[in-house]
């Protein structure tokens, strides 16, 4: 299991629209191969910043299967217009949890 | 409930020592007021980078009660020597999870 962490900065004043877009896009993630969970984190210190955290079974489930799907285009269609700049995306493995 | 996200870059080659320090420090977090869970995320794209994610009941539990405690000094004593630079710490509220 890996986690995608997409650091997203939205244009000022678009937070509610962006969050509505994420909610609308949830079915796209939940039907994606290997997608287990979606969390949207809103950064307290900077209200224009979010971290979208998506739990995937494998890196390829995100970077190959989802990224090359029509659902990825649909996702970007729903929320991409609110992005202030390109998201910064990394992936992590949880090495300690307790 | 809020989440602390501490973006930590460690010195090259210190990953195993840093992770051992985090494991050793877990009791410090678990006895801290309002601390519910600790996760250490290792960034796949850059093995020197981690995100320490700590679940706190309130922002003050982290920023006031823990930061001003002796246990915070003990935590930094266990892992601070492995930091390449000062961690970047933000907090988030989860607005969507499914």
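Chains as they are written, first to last, in the working numbering: chain X, 7 to 104; chain S, 7 to 104. Every residue, glycine too, gets a C-beta built ideally from N, C-alpha and C.
Would residue 102 of chain X count as contacting chain S if we go by Cβ distances under 8 Å?
Taking Cβ atoms only, chain S reaches closer than 8 Å to residue 102 of chain X, which makes this a yes.
Start and end of the alpha helix (DSSP H) containing residue 100 of chain S?
It is not in any alpha helix (DSSP H) - residue 100 of chain S instead sits in the beta strand (DSSP E) that spans 94-103.
What in chain S is Cβ-close to residue 29 of chain X, meaning under 9 Å?
Within chain S, the residues near residue 29 of chain X are 102 and 104.
Do residue 103 of chain S and residue 45 of chain X have their beta-carbon atoms positioned less than 8 Å apart in this structure?
Contact flag set, yes.
Check each residue of the segment 39-63 of chain X: if its Cβ is closer than 7 Å to any Cβ of chain S, include it; give the result in chain order.
Answer set for the segment 39-63 of chain X: 44, 45, 46, 47, 48, 49, 50, 51 and 57.
Which residues of chain X have a Cβ atom closer than 9 Å to the Cβ of residue 9 of chain S, listed in chain order?
Near residue 9 of chain S (Cβ distances below 9 Å), the residues of chain X are 47.
Go to residue 76 of chain X, then tell me how far its alpha helix (DSSP H) extends in each direction, as first and last residue.
Unbroken alpha helix (DSSP H) run through residue 76 of chain X: 76-85.
Say whether chain S places a C-beta atom closer than 8 Å to the C-beta of residue 98 of chain X.
Output row for residue 98 of chain X: interface = yes.
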